[in-house]
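Single-structure report; data block below.
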Amino acid sequence: MAKPLFAPLLALSLAACATAGPNYQAPTHSVATTPAATGAFHSAAGAGVDGAAPLPDRWWRLYADPKLDALVEQALAANTDLRVADANIARAEAVLREAQAGRTISTSVSASATLARASGTGQPLPGTVADNLGLSASYPLDLNGRIKRAIEASNADVEATEAARDYVRVSVAAATARAYTQVCAANYLLGINRHVVALQRDTLDATRRLAANGRGTAFDVSRAEAAVDASEAALPAFEGQRQTALYLLATLLGHAPADYPADIATCAALPALDRPIPVGDGAALIRRRPDIRQAERSIAADTARVGVATADLYPQISIGGSLGLNGPVKDIGSGTSFGFSLGPLLSWSFPNRSVVRARIAQADAQVQADLAGFDGTVLEALRQTETALETYRRDAERADALARASSAASLSADQANKLFRYGRGDFLSLLDAQRSYASAEVTSASAKAQLTLDQIAIFMALGGGWTNS
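Reading the sequence shown from the start, the letters are residues -20 to -1, 1 to 449 in mature numbering (1 follows the signal peptide of the UniProt record, and there is no 0).
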């Protein structure tokens, strides 16, 4: 009776021998293929940016700063977020091995011993010990490609997890360079402010001498003291910024905050580029950004899962066999105790196919969500890059203007100081000139430090720093 039933089921399964579900194809009608996305960056026209030069793998080496190079390499080797990412890859690879194992022969061994005693008359009978030894094996034919699609999905998951790890590398490299720059910038600004305080103290000393000789007033001395106190009040803030950045740097390196690199604490020179920033174009960005690659691999994984779900519409067939010894202990090994079986095994959730079709619809919807997410990731990457480039261009213009203002304010303060010391200028004019110089000098220095941070933001947006080469 089983033969007539199995024949049509086998025919149905053989009819579905083509791998179930769609074959994956990279997105061809996405925003990533449009000229606006793949062409030159709109904000790359300003000075200091090279849209034709490709971004190097280790962009931080463009600063030619050995300390920065060493810090980034240490962070990439010891950062805790990267350790988490590596563990996620190991887990995904284990899932892949599990899926691949679905193609291998599965075996099972069974053994049992029973003591049986029966009497139809109620009289006691001697017991009989019977043994059962069996070995069974089965091999999945995977005629509809269910296992193949599961392996494809797991493999794409591994690649997506690797891309996620690469994006963490991008973030860690940029965060380390940013923290190092913040330490140097805090010391740089601290030096500028201390220079301003020193100038104001010179003025205070001169004012006191003039007041002692009858050429100044106590009011002038009080105003000079107030200017010194106001400038000194800014110093603790920069010291706090430096220490905060050192704590962050230590954490990025995988150390306790108190175990920050002491040799970095005195850095006062801002990292500087000696060439325009190499940014490439949109096409290079799309190829490089790990989060875009992760989104694309997610599409591949979920496309394969459509095939896994579709395969459940058809029977799953495997070839199985078993060998066994069954009978009383005294007969084990004799011809009468030996048995075997060989043939196809079939599993099929029929006729309840509505559940399977619902799962297929779920998988299809997930692919559509992945496609939309891919476009969103590309658009966000382009937006981040354009924003970083535009910010850098405008901040560079601002820094140039502030540098000119600082130079003019310095000249004005120097002239006011000379006029005051020779009795040809009043103290109020000198104080105003020095205040203007102090403000312009500190603001200009802050703008200069911001430019370096803007550069790092560009490198981060470009997705550089993840390759292992």
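Heads up, the beta-carbon is just placed ideally off N, CA and C, and yes, glycines get one too. These numbers come from a predicted model, not from an experiment.
Going by DSSP, residue 244 is part of no alpha helix (DSSP H) at all; its letter is neither H nor E.
Using a Cβ distance threshold of 8 Å, residue 21 and residue 262 count as a contacting pair. The beta-carbon distance between residue 424 and residue 386, rounded to whole angstroms, is 4 Å. This is short enough to meet the 8 Å contact definition.
When rounded, the separation of the alpha-carbon atoms in residue 227 and residue 75 is 38 Å.
When rounded, the separation of the alpha-carbon atoms in residue 358 and residue 51 is 30 Å.
Under the criterion of beta carbons closer than 8 Å, residue 234 and residue 58 qualify as touching, at roughly 4 Å. Cβ-Cβ separation between residue 120 and residue 334: approximately 25 Å, too far for a contact (criterion under 8 Å). Cα atoms of residue 354 and residue 178: separation of roughly 56 Å, rounded to the nearest angstrom. Cα atoms of residue 153 and residue 163: separation of roughly 16 Å, rounded to the nearest angstrom. Between the alpha carbons of residue 343 and residue 267 lies a distance of about 27 Å.
Taking the CA atoms as reference points, residue 369 sits about 46 Å from residue -1.
Under the criterion of beta carbons closer than 8 Å, residue 145 and residue 243 do not qualify as touching, at roughly 30 Å. About 7 Å separates the beta carbon of residue 397 from that of residue 183, a gap short enough to meet the 8 Å contact definition. Burial check for residue 276: the Cβ neighbour count within 10 Å reaches 16 or more, so the residue is buried. Taking a cut-off of 8 Å on C-beta distances, the segment 31 to 46 does not touch the segment 132 to 146, as fewer than three cross pairs fall below it. Sequence-distant partners of residue 140 (beyond 5 residues in either direction) whose C-beta falls short of 6 Å from its own C-beta, in its chain, are 274, 277, 278. Exposure of residue 202 is indicated by the presence of fewer than 16 other C-beta atoms within 10 angstroms of its C-beta. Under the DSSP definition of a beta bridge, residue 30 partners with 258. Rounded to the nearest whole angstrom, the CA to CA distance from residue 340 to residue 286 is 6 Å. Sixteen is the threshold: since fewer than 16 other Cβ atoms of the shown chains lie within 10 Å of the Cβ of residue 322, the residue is exposed.
In this structure, 296 is the residue among 296, 23, 350, 192 with its C-alpha nearest to the C-alpha of residue 125.
One Cα belongs to residue 85, the other to residue 41, and the distance between them is close to 52 Å.
As the crow flies, the alpha-carbon of residue 348 is around 13 Å from that of residue 5. If you ignore the 5 residues before and after residue 415, its C-beta comes within less than 7 Å of the C-beta of 207, all in its own chain and listed in chain order. Segment contact: the segment 25 to 36 against the segment 246 to 263, three or more CB-CB distances shorter than 8 Å; contact assigned. Scanning its chain for C-beta atoms nearer than 6 Å, with the 5 sequence neighbours on each side dropped, one finds around residue 437 the residues 368, in chain order. In this model, residue 186 and residue 205 are separated by some 12 Å (Cα to Cα). About 6 Å separates the Cβ atoms of residue 426 and residue 169, confirming a contact at the 8 Å cut-off. By the neighbour-count criterion, in which a residue is buried when 16 or more other Cβ atoms sit within 10 angstroms of its Cβ, residue 158 is buried. Our two residues, residue 245 and residue 237, have alpha carbons roughly 13 Å apart in a direct line. Comparing C-alpha distances from residue 55 to each of 30, 15, 160, 88 shows the shortest one belongs to 160.
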